[in-house]
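*Asks:* Pasting in a structure now, in structure tokens, and then I'll have a few things to ask.
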Amino acid sequence: MKHYVNGVFETSGTAFPLISPVDGRQMGTVPEAPREVVDAAVAAARGALAGPWGAASTEERCAYLRRIADGIEARFDEFVDAEVADTGKPRNLAATVDVPRAIANFRAYADLSYGRPERAHHTRVPGWSGTGEALNYTVRRPLGVVAVISPWNLPLLLLTWKVAPALAAGNAVVAKPSEETPSTATLLAEVIHDVRLPPGAFNLIHGHGAGAAGEFLTSHPGVDAIAFTGESATGSAIMRAAADHVTPVSFELGGKNPALVFADADLDEAVEGTVRSSFTHSGQICLCTERVYVQREIFAEFTRRLAARARELKDYGPMISAGHRDKVLSYYRLAVEEGATVLAGGGAPSFGDERDGGFYVEPTVVTGLPETARTVREEVFGPICHVAPFDDESEAIRLANDSPYGLAATLWTGDLSRAHRVAPRIEAGIVWVNCWNLRDLRTPFGGVKASGIGREGGEYSLDFFSEPVNVCVKF
Ligand code: NAD
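Using numbering that gives the first Met the number 0, read the sequence shown as starting at 0 and increasing by one per residue.
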């Protein structure tokens with residue numbers, strides 16, 4: 000692993016080990032960026048804005064984005080291998096979601112930005128000051144140096160989801176991937192180097208968060224905006240650091256996402272959909288369902304079938320680290336202490352092969368907890384869901400909304416009127432009806448309450464990564 004600063008790869012800083020979540024073995028080392036490397040990256044980004052990158056037209060920037068997408072595609076298998084090695088996720092997931100979405104992120108923002116119209120406002124009435132008429136038009140200017148900080152669960156997908164629109168809008172980027180999954184970010188830097196993006200337009204630094212590279216970056220006076228995905232508690236810490244320089248933030252944070260299953264739903268689809276939404280990537284996706292509310296008439300049948308399917312799951316990946324495995328298992332124990340009935344899983348599996356040195360936990364279904372239980376309120380970020388009954392629509396909405404989080408929700412119903420009635424009343428940024436994680440990259444993506452600030456996706460990201468400047472020309 001190397002830092003990439005001002006177009007040069009380098010390895011300053013002490014090295015820390017990169018551990019495989021599959022078998023617990025050390026795979027390599029990662030350099031920890033000291034403050035000087037972070038300073039150099041921010042200075043390089045500032046320099047790029049004053050050079051050819053700052054002078055590049057939108058069309059030229061879009062051409063770079065397309066070349067980066069092509070460059071990832073040309074090394075597709077290497078990216079898949081690296082993502083699988085770092086995260087332990089099933090190969091199929093990395094090959095059908097993570098890497099294709101990274102390519103799509105660059106292409107989508109090239110498409111969206113190319114020829115994006117500026118907004119004009121023809122004001123033909125006297126201005127407030129009564130001094131005449133004017134034509135107002137609004138141009139968008141990049142924010143400047145943008146810090147991008149990303150988590151370990153979808154390392155390349157979430158990094159490129161920010162880097163692509165930031166570059167499309169004309170910013171220079173300093174990115175820090177999670178210390179636990181640095182590999183695909185390093186490959187991305189190689190691709191960016193190979194397409195000859197002007198030096199400093201994209202910089203990559205490795206290292207930890209609090210008291211280290213992450214914090215050096217988010218508290219840096221030379222950073223003009225921070226785009227962060229990760230835990231809500233980290234978001235709070237970054238917000239405090241950003242406050243000193245009034246740095247704008249875009250936050251995609253944690254979730255405790257509900258699924259509402261109504262008695263009129265297609266039961267097969269609702270069960271399979273909930274298996275996917277609770278257990279994909281072993282529950283380590285911010286959009287995963289951890290609270291399932293089922294209408295009482297079908298509660299027993301739904302719960303029995305969901306638990307049976309959870310017990311059948313075999314091809315699942317590990318938790319990202321020993322620490323995260325221990326955290327998830329501590330919630331499994333807490334659920335029992337809080338009075339849960341465990342219908343599936345509840346512990347660590349035994350495979351009888353090298354995976355027993357890795358960080359696996361069983362897909363778990365529990366029931367019987369009060370809404371006040373910590374297991375029902377706190378984000379576990381593992382393959383566990385709690386299933387509880389409800390009687391009517393208003394109770395379902397109340398239960399869904401009774402959470403400090405508000406990222407995503409899923410409704411399962413055969414009644415379209417009900418879907419339209421309920422969806423807008425859910426306190427979440429995204430509500431899926433009879434599906435989960437079906438994504439159009441132009442739609443707003445983000446959460447309310449402790450789940451985030453702002454929206455990503457399409458125009459929303461381009462708006463965050465640029466500043467509107469109104470030009471008023473007097474007639
Ligand atoms: P995390 O908050 O521990 O770390 C995320 C990143 O922040 C890492 O790069 C880390 O090094 C850095 N960091 C940590 N402390 C920092 C600090 N004080 N200053 C600056 N940087 C710091 O999150 P994680 O464990 O990597 O990821 C899992 C979390 O991310 C879950 O809560 C999950 O819900 C959330 N998530 C949210 C979304 C979303 O779109 N809303 C998507 C994926 C993950």
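In this text, a Cβ means the ideal position worked out from N, Cα and C, and glycines have one as well.
Tell me where the beta strand (DSSP E) around L17 begins and ends.
*Replies:* Taken as a continuous stretch (DSSP letters only), the beta strand (DSSP E) holding L17 covers A14 to I18.
*Asks:* Buried or exposed: N202, going by 16 or more other Cβ atoms within 10 Å of its Cβ?
*Replies:* When all chains shown are included, N202 counts as buried.
*Asks:* In or out: D390 buried (at least 16 other Cβ within 10 Å) or exposed?
*Replies:* Label assigned to D390: exposed.
*Asks:* Drop a sphere of 10 angstroms on the beta-carbon of N104, count the other beta-carbons inside from all chains shown, and report buried for 16 or more, exposed for fewer.
*Replies:* When all chains shown are included, N104 counts as buried.
*Asks:* Go through its chain and collect everything with a Cβ distance to N5's Cβ below 6 Å, but skip five positions before and after it.
*Replies:* For N5, where only same-chain residues beyond five positions count, the Cβ hits under 6 Å are A43, P198 and G199.
*Asks:* Do E214 and T228 count as a contact pair if the criterion is CB distance below 8 Å?
*Replies:* The answer is no: Cβ separation not under 8 Å.
*Asks:* Can you give the Cα-Cα distance for G143 and D193, rounded to whole angstroms?
*Replies:* Near 23 Å, if we compare the C-alpha coordinates of D193 and G143.
*Asks:* Would you mind sorting R373 into buried or exposed? The rule is 16 or more other CB atoms within 10 Å of its CB.
*Replies:* By the 10 Å Cβ count, R373 comes out exposed.
*Asks:* Please confirm whether any heavy atom of the ligand NAD lies closer than 7 Å to the CB of T488.
*Replies:* What is shown of the chain runs 0 to 474, which leaves residue 488 out entirely.
*Asks:* Could you tell me which residues DSSP pairs with K175 in its beta bridges?
*Replies:* Partner(s): I148.
*Asks:* Out of V172, I319 and R332, state which residue places its alpha-carbon closest to the alpha-carbon of E178.
*Replies:* Considering only alpha carbons, the answer is I319.
*Asks:* Using DSSP with H/G/I as helix, E/B as strand and the rest coil, what is W435?
*Replies:* W435 falls in the coil class under three-state DSSP.
*Asks:* Would you report the Cα separation of D97 and N469, rounded to the nearest angstrom?
*Replies:* Looking at the two C-alpha atoms, the distance is approximately 38 Å.
*Asks:* Please confirm if the stretch 242 to 257 is in contact with the stretch 166 to 177, defined as three or more CB-CB distances below 8 Å between the two stretches.
*Replies:* As far as the Cβ criterion goes, the stretch 242 to 257 does not touch the stretch 166 to 177, which means the pair count is below three.
*Asks:* Does I319 come out as helix, strand or coil in the three-state DSSP assignment?
*Replies:* Of the three classes helix, strand and coil, the one that applies to I319 here is coil, per DSSP.
*Asks:* Where are the beta strand (DSSP E) runs, 3 residues long or more, that stay fully inside the stretch 18 to 104, in chain order?
*Replies:* The stretch 18 to 104 contains these whole beta strand (DSSP E) runs: 25 to 30.
*Asks:* Is the number of C-beta pairs between the stretch 58 to 75 and the stretch 30 to 37 that are closer than 8 Å three or more?
*Replies:* No, because fewer than three Cβ pairs between the stretch 58 to 75 and the stretch 30 to 37 fall closer than 8 Å, the two stretches do not touch.
*Asks:* Answer yes or no: does any C-beta atom of chain B fall closer than 8 Å to that of E189?
*Replies:* Annotation note: the requested chain B is absent from the structure, which comprises a single protein chain.
*Asks:* Quick one: does the C-beta of H207 sit closer than 7 Å to a heavy atom of the ligand NAD?
*Replies:* H207: yes, Cβ under 7 Å from the ligand NAD.
*Asks:* Regarding L153 and the ligand SAM, is the C-beta to nearest heavy atom distance less than 7 Å?
*Replies:* Absence of the ligand SAM from the depicted structure is noted, with the ligand NAD being the only ligands included.
*Asks:* Between the C-alpha atoms of C476 and G254, what's the straight-line distance to the nearest angstrom?
*Replies:* The structure shown has nothing for residue 476, since the chain only spans 0 to 474.
*Asks:* If distances are taken between C-alpha atoms only, which option among A309, P257, H2 and T159 comes closest to A422?
*Replies:* That would be P257, whose Cα lies nearest to the Cα of A422.
*Asks:* Less than 8 Å between the CB atoms is what I'm expecting for K175 and A226, so what's the real figure, rounded?
*Replies:* Contact flag wrong, Cβ pair sits at about 11 Å.
*Asks:* Between V21 and R324, what straight-line distance do the alpha-carbon atoms span, to the nearest angstrom?
*Replies:* Between V21 and R324, the C-alpha separation is close to 12 Å.
*Asks:* Which runs of the beta strand (DSSP E), 3 residues or longer, sit entirely within the stretch 289 to 353?
*Replies:* Taking only runs of at least 3 residues, the beta strand (DSSP E) segments lying wholly in the stretch 289 to 353 are 340 to 343.
*Asks:* Any idea which residues DSSP pairs E507 with across the strands?
*Replies:* This structure gives no information on residue 507, because the portion of the chain shown stretches from 0 to 474.
*Asks:* Using a Cβ-Cβ cutoff of less than 8 Å, which residues in the same chain neighbour G344 once the five nearest sequence positions on both sides are dropped?
*Replies:* For G344, where only same-chain residues beyond five positions count, the Cβ hits under 8 Å are A309, R310, Y331, V360, E361, P362, T363, V364, P382 and I383.
*Asks:* Is G213 helix, strand or coil by DSSP?
*Replies:* Three-state DSSP puts G213 in a helix.
*Asks:* For the alpha helix (DSSP H) containing T183, list its first residue and its last residue.
*Replies:* Start and end: S182 to D193.
*Asks:* Considering only the beta carbon of each residue, do M0 and H207 sit closer than 8 Å?
*Replies:* Taking 8 Å as the Cβ cut-off, M0 and H207 do not qualify as a contacting pair.
*Asks:* Within 10 Å of its beta-carbon, does C434 have 16 or more other beta-carbons around it, so buried, or fewer, so exposed?
*Replies:* Per the 10 Å Cβ criterion, exposed.
*Asks:* Checking 8 Å against the spacing of the C-beta atoms, do L484 and V145 come in under that value?
*Replies:* It is not possible to answer for residue 484, since the shown part of the chain is limited to 0 through 474.
*Asks:* By how many angstroms is the C-alpha of E377 removed from the C-alpha of D432?
*Replies:* Here residue 432 turns out to be Val, not Asp, going by the sequence shown. Roughly 24 Å between the two C-alpha positions.
*Asks:* Find the nearest neighbour of P154 within the set H120, V79 and A49, judged by alpha-carbon distance.
*Replies:* The shortest C-alpha separation from P154 is found at V79.
*Asks:* So what does T137 bridge to, in DSSP terms?
*Replies:* Bridge partners of T137: R118 and N469.
*Asks:* For the beta strand (DSSP E) holding S249, just list the boundary residues, first then last.
*Replies:* First-last of the beta strand (DSSP E) with S249: V248 to E251.
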